[in-house]
């Protein structure tokens with residue numbers, strides 16, 4: 015089995031037996047689906063929160079937004095960190111002289 | 250005067266004079282006889298007789314602590330010459346005659362090896378004269394007589410040393426050096442005695458002691474003391490007046506070295522004690538100051554410098570000779586303390602040093618006879634080839650270092666206790682530094698004896714050690730051990746001697 | 021059967037594991053070892069069941085010390101149970117492996133961990149504490165690569181450091197209080213600080229955590245499973261014992277929950293990613309311990325219980341991947357779901373548990389700690405935990421699953437994992453789901469009774485699902501825009517830079533300087549001694565200035581000098 | 003003559019000497035000679051076991067008296083009995099090992115070797131059973147002298163040089179510092195006897211007492227407190243069984259034992275607490291522990307590394323003695339035993355490597371563990387015991403010392419011990435790991451059976467001993483506690 019190289023996203027459906035067309039766009043579909051679900055969730059909460067659906071009423075606002083922001087933040091931070099502190103994989107070993115030139119870790 | 254248990258009463262009564270006279274008289278037949286064996290037999294019998302007399306006197310003084318006074322020719326002291334024996338010189342006489350006997354036993358094989366056959370009987374004759382002189386120095390109670398005996402003992406000694414020229418020509422210069430220095434020492438001594446006579450009008454030592462008690466401030470007396478101390482210091486090889494000693498010990502025949510090392514300087518040391526503590530009053534300021542500010546620093550300097558000199562010697566006997574100078578420093582240090590404990594420790598070390606140096610020089614003599622060993626590197630492998638002799642030597646060396654349960658330890662112990670009692674920490678430090686240096690110079694010899702392998706060809710030269718050497722050697726070595734373990738007798742003797750020296754001066 | 025239980029009553033389960041481990045170490049035949057790896061935990065489990073009453077058993081009398089080897093109470097029993105379970109599951113998982121070193125070590129390690137949990141005093145705790153260090157190290161060494169040796173040594177050094185810190189703290193504690201008892205300690209004394217540090221090293225406190233992402237990825241496949249289970253959870257137990265309600269722990273725990281996420285996201289080694297995720301998990305538990313109320317402590321215990329299982333599950337799947345492909349680097353993996361579907365499913369179950377999806381075990385445990393924080397009115401803690409838990413935590417496990425099983429395929433020729441591995445993973449996966457559904461079974465085990473707590477309330481579930489969806493959405497977006505995961509084989513510097521580079525460099529520099537210094541001193545000394553020796557030799561040698569044969573005149577001069585000295589002294593002496 | 007503790011005491015001292023004579027007499031027949039050694043060692047162990055049992059009665063014998071209060075005197079007490087037990091017990095194992103090693107390496111002068119060995123053991127017994135400082139000093143010196151030919155065994159220039167430094171430092175320190183301290187004790191108290199609770203309290207002030215303590219601590223050079231340690235690495239020129247003797251059985255143990263005994267029975271625990279020097283020396287010991295460990299890490303020579311390890315470990319005992327709280331003293335005493343077993347295991351394993359593979363440097367050991375698994379395993383066990391991890395005996399001293407440091411109000415002293423533990427790991431465990439898992443480079447595997455069986459059985463026994471000692475700590479504590487809790491008689 016081969017995987018096409020021009021697929022935008024690598025997310026394959028778990029079963030892996032759907033039609034080729036769906037599969038080639040699975041990542042996009044999943045993203046859209048998730049986005050819809052998130053929006054729906056916030057909508058539902060806004061509608062129902064007067065009835066106490068919000069988990070803890072004393073926590074202000076739609077705190078579930080937090081992960082969205084935080085997720086973005088985390089990924090951004092991760093890229094930043096990788097840019098700043100990025101070293102070759104055998105950095106320590108070579109630095110400590112455990113590995114000679116041309117030797118593998 | 251108590252009669253001893255050893256000799257018939259008739260002899261016992263005259264033991265003091267016999268002790269001196271017998272060797273002197275026997276020296277004549279020894280010189281006349283032309284064979285070495287006969288000379289040796291006569292010398293040995295003379296020494297044995299002297300030993301008997303010494304034992305007799307020793308026991309007599311021990312019996313009730315009395316002082317034996319023997320008036321020569323019936324002239325009572327202070328007018329005639331008096332032989333006077335107390336706890337101090339009884340011990341010395343015993344040591345002297347005992348050492349003479351042991352050395353003589355050792356002498357036969359040694360002398361046969363080193364002295365030409367035609368000179369052997371003369372050699373023994375000279376030895377007898379020397380012995381007689383030393384005994385006289387030790388026993389006499391008359392200051393001028395003491396000078397006479399000093400000369401009697403010295404002159405044959407120069408001859409004895411010079412006989413080493415047979416083996417090494419440097420013995421001649423050494424003997425000459427010794428002669429010059431000995432003459433200076435004796436002269437100084439006699440000048441000192443002259444001053445005393447000028448001040449007091451007496452030569453009898455007991456009489457001097459009595460009169461000097463009140464003459465503390467007399468400049469003449471002080472002059473006399475200075476001359477006597479320096480003159481005797483020369484004979485006793487007090488650092489830095491020891492310069493004659495290494496050569497004399499190193500180039501003399503083995504037997505002479507053994508005898509000198511065990512007795513000659515000891516006798517001079519005895520005389521210093523006698524004069525410092527007995528004749529002069531120990532509570533005189535000038536005596537104490539001279540001891541504290543002159544003798545003690547020199548003793549300490551000697552202990553360290555001479556040990557360092559020993560460290561760098563290549564000739565084994567020279568090494569031990571320097572060691573002797575250092576050890577003389579120990580005795581002088583005890584003396585310098587001026588306390589009874591100090592004198593006692595000094596006397597103890599005097600005896601003990603005779604024991605250890607006797608062993609060491611005898612063992613060296615044995616090495617020299619068997620292999621012609623003179624230098625340290627020649628000692629290689631001797632431990633394997635002459636185990637008994639080497640063991641005895643090792644024991645002596647350990648004793649010299651001061652390993653516990655040897656006599657060396659005992660004397661160091663008492664010396665350090667005396668120093669601590671005085672509060673002289675620097676003296677303790679000096680003793681320890683000197684001991685450490687002793688470790689190193691002994692180590693240099695011992696490691697060659699035991700650890701380095703036997704050089705090629707040495708094994709073929711093997712000769713057994715003569716029994717006549719082995720017997721006194723092992724006996725002395727064991728004595729090092731026995732008196733190291735059972736120290737009470739020697740300590741007792743030393744304490745008695747110190748008491749005799751100090752109390753005689755102040756008490757009488 | 022009751023008879024056996026009666027016999028086993030009061031016998032510490034640790035001994036069965038340790039004895040089985042020792043036997044396994046000595047046994048040259050693989051089947052015997054494998055049998056021991058299954059039988060040992062079974063007996064241990066029997067012993068766990070056999071002991072009903074809480075109390076202290078197995079006291080070893082050593083003169084002044086009473087070693088309490090088996091303190092059975094509500095806090096210890098849950099930890100013991102999960103340790104035994106995971107030992108058994110690992111036994112199944114490792115059936116395929118032919119490595120004498122790891123079999124015995126894993127069993128002894130498990131036994132030591134059980135023993136440490138059950139120890140009633142600090143001395144016994146120390147013994148088992150050190151034993152866990154010793155027994156776990158071979159799991160890293162067994163990997164065989166030079167990197168593994170170095171990492172193993174560092175691991176061992178840090179673990180033993182933790183042990184001696186514990187010992188030192190215990191000694192000071194005993195000296196101050198007169199008791200080696202292991203109960204609430206608090207940080208208001210030197211002893212308390214030492215003990216907290218000792219526990220903290222094993223619990224992966226910030227800056228003390230480096231051994232964890234350093235060593236775990238370098239262990240064998242089976243080894244990392246075992247490692248992930250015991251040491252850190254043991255430390256949480258010890259913290260719960262000694263420092264429950266210690267305010268400082270909340271702050272520490274929060275930092276632990278947050279900072280590893282970034283590292284997990286950038287780490288290329290998937291096991292290292294999991295190691296960072298593990299630290300994040302530990303942060304939750306430490307916060308739970310720090311909060312100190314019953315709900316939070318229950319949460320910490322429950323989290324430890326389920327955490328052991330799902331983290332082990334995650335490591336098992338990666339172990340299977342490692343077994344088949346020989347690598348767990350994100351850049352070298354991808355698309356394995358096709359060829360290893362069962363493993364992939366297990367990985368997904370594990371990931372869902374870690375993320376805390378309702379109906380999986382993570383959810384029912386984590387919600388306890390969140391509730392604990394809420395009831396303690398610690399809003400900051402609550403917010404941070406929420407951030408750390410459902411939202412971003414998910415990213416790291418999703419990353420692991422995504423990178424290994426989906427995305428661009430790199431390994432085309434691998435088979436499914438061996439049957440026994442699958443069985444082990446299936447057991448763990450089953451537990452993950454079962455505990456998520458039948459959560460009462462889990463709650464029964466907790467140290468404080470919580471019959472009235474209900475995790476599956478609508479708002480709770482709804483909120484959690486929302487969090488997860490949000491996180492997943494961000495992940496999907498990031499993947500879609502190729503912002504994530506980072507595709508390069510690299511190392512990101514962490515706190516270990518300080519000792520692996522700075523410390524190592526300083527040590528090398530110090531050694532070089534020290535050698536120079538020693539050399540210089542040696543040269544100077546040797547030269548000095550030689551010069552002194554030469555000078556002394558010049559003075560004292562037989563032909564030297566002070567030892568040669570002197571002319572008589574010089575001697576006479578000396579005599580005169582001395583005479584002068586004595587005369588002077590005599591002359592100036594006072595009258596007595 | 004009936005069988006009394008006094009007789010056994012004398013027997014323990016004389017037996018090795020008789021054995022020595024036997025060894026000399028049977029020198030021409032190696033098998034008989036070794037049998038004589040082993041029989042002597044076995045008998046000695048039996049006698050010492052009896053002594054251990056009766057040590058509570060504290061029998062004593064005065065052989066002779068040099069001066070009032072200055073005797074050759076033997077007195078049995080638990081501490082000495084413990085040391086005697088360690089020395090005699092390890093002697094027999096070491097003898098087994100020696101036969102394998104000496105024959106395996108075709109050493110020369112084996113009769114002298116075994117003879118000096120017996121003399122050394124006799125001296126060690128004397129140190130263990132001495133009843134006063136003088137006797138202790140004597141046997142201490144005898145031990146230095148008797149081990150000298152052993153250290154210089156090879157006889158080449160290097161061996162002689164090493165042995166010279168060995169003897170030079172030991173004799174210099176003992177005569178220059180130890181001996182005056184003994185004399186001073188006598189001068190202050192009129193006795194040098196070991197008395198429970200000490201004899202110096204009341205006789206000297208804190209300053210004089212401090213000076214004495216310093217003299218003892220550095221004068222007993224065998225304890226290798228820095229900076230008087232260089233003799234130990236220099237003594238590494240000796241054959242391995244000798245190194246084992248030096249490091250585990252007799253010499254260094256005699257040193258630290260002497261310090262401990264002096265502190266307990268001359269200074270006394272209470273008096274130690276008043277001495278300012280005790281704290282300073284404790285820090286010096288602590289620094290010795292760390293510095294020696296650091297030096298050990300830089301050594302590539304197998305035995306040199308172990309030698310510095312010994313320097314470090316010995317200072318544990320000194321540290322315990324200087325802290326002088328009951329727990330610390332207990333730790334010091336227990337360390338003597340535990341370190342003995344651990345270190346002898348290490349040395350015998352190192353010797354096994356040398357005999358079996360001819361390797362002396364650590365960097366040559368790659369992969370060797372796979373050829374000599376038992377040797378490397380026992381080395382690992384010994385190393386773990388030295389590091390101080392359960393279930394090996396070496397952990398107990400660390401516990402007691404930490405407790406002692408805390409009791410003495412110096413909890414930060416424990417940092418030294420912690421640092422030392424880490425350093426121990428750093429310099430010991432890489433050896434094992436290198437052996438087991440690094441691939442060997444250009445090393446041809448040995449033929450099996452190259453290593454004589456005894457050369458790995460002996461360390462196996464001692465390795466088992468470290469485990470056994472971990473569990474036997476209870477009786478050991480019970481045995482030693484009376485020593486450290488006895489108060490001074492009013």
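Chains as they are written, first to last, in the numbering used here: chain A, 15 to 119; chain B, 250 to 757; chain C, 21 to 596; chain D, 3 to 492. No residue lacks a Cβ here, since even glycine has one placed at the ideal position from N, Cα and C.
What in chain D is Cβ-close to residue 84 of chain C, meaning under 7 Å? 479
Let me confirm a value: residue 539 of chain C is counted as buried when at least 16 other C-beta atoms fall within 10 Å, else exposed. Which label applies? exposed
Since residue 384 of chain D and residue 344 of chain D should fall inside the 8 Å C-beta cutoff, what is the C-beta to C-beta distance between them, to a whole number of angstroms? 5 Å
Am I right that residue 137 of chain C and residue 108 of chain C are in contact with their C-beta atoms under 8 Å? What's the rounded C-beta distance? About 16 Å; that fails the 8 Å criterion.
Which residues does DSSP pair with residue 86 of chain C in a beta bridge? C:81
Using a C-beta to C-beta distance shorter than 7 Å, which residues of chain C count as neighbours of residue 49 of chain A? 493
Identify the contact partners of residue 301 of chain D in chain C, using a Cβ-Cβ distance below 7 Å as the criterion. Per Cβ cutoff of 7 Å: no residues; residue 301 of chain D is ~12 Å from chain C at best.
Interface partners of residue 476 of chain B on chain C, CB under 9 Å: 583, 586, 587
According to DSSP, residue 69 of chain D sits in a beta bridge with which residue or residues? D:72
Nearest to residue 231 of chain D (by Cα), restricted to the options D:152, D:73, D:293, D:53: D:293
Can you pull the DSSP bridge partners for residue 59 of chain C? Answer is none; residue 59 of chain C lacks a bridge partner.
The alpha helix (DSSP H) that contains residue 331 of chain B, what's its start and end? Run containing residue 331 of chain B: none in the alpha helix (DSSP H); it sits in the beta strand (DSSP E), 331-334.
Closest to residue 561 of chain B by C-alpha separation, out of B:750, B:365, B:714, B:687, would be which residue? B:687
Report buried or exposed for residue 447 of chain B, applying the criterion of at least 16 other Cβ atoms within 10 angstroms of its Cβ. exposed
Roughly how many angstroms lie between the CA atoms of residue 589 of chain B and residue 596 of chain B, to the nearest whole one? 10 Å
To the nearest angstrom, how far is it from the Cα of residue 12 of chain C to the Cα of residue 339 of chain C? Chain C is shown from 21 up to 596; residue 12 of chain C falls before or after that span and cannot be answered.
Give the secondary structure of residue 473 of chain C by DSSP, where H, G and I count as helix, E and B as strand, and everything else as coil. coil
Mind checking residue 458 of chain C: buried by the 16 CB within 10 Å criterion, or exposed? exposed
So is residue 752 of chain B in contact with chain C if we call contact Cβ pairs under 8 Å? no
Sufficient close CB pairs (3 or more, under 8 Å) joining the stretch 262-279 of chain B to the stretch 297-308 of chain B: yes
What number of angstroms, rounded off, separates the C-alpha of residue 295 of chain D from the C-alpha of residue 315 of chain D? 9 Å
For residue 518 of chain C, would you say it is in contact with chain A, using Cβ-to-Cβ distances shorter than 8 Å as the test? no
Determine the chain B residues that contact residue 561 of chain C at a beta-carbon separation under 7 Å, and present them in chain order. 561
What's the gap between the Cα of residue 288 of chain B and the Cα of residue 78 of chain D? 58 Å
Check whether chain B comes within 8 Å of residue 572 of chain C, counting only Cβ atoms and requiring the distance to be less than that. yes
Per-residue contacts from residue 690 of chain B into chain D (C-beta, under 8 Å): By Cβ distance, chain D contributes nothing, its closest Cβ being about 12 Å from residue 690 of chain B, past 8 Å.
Can you list the alpha helix (DSSP H) stretches of 4 or more residues lying completely in the stretch 346-433 of chain C, in chain order? 361-375, 381-395, 399-406, 414-425
Beta-carbon within less than 6 Å of residue 461 of chain D's beta-carbon, same chain only, minus the 5 sequence neighbours each way: which residues are those? 347, 350, 351, 380
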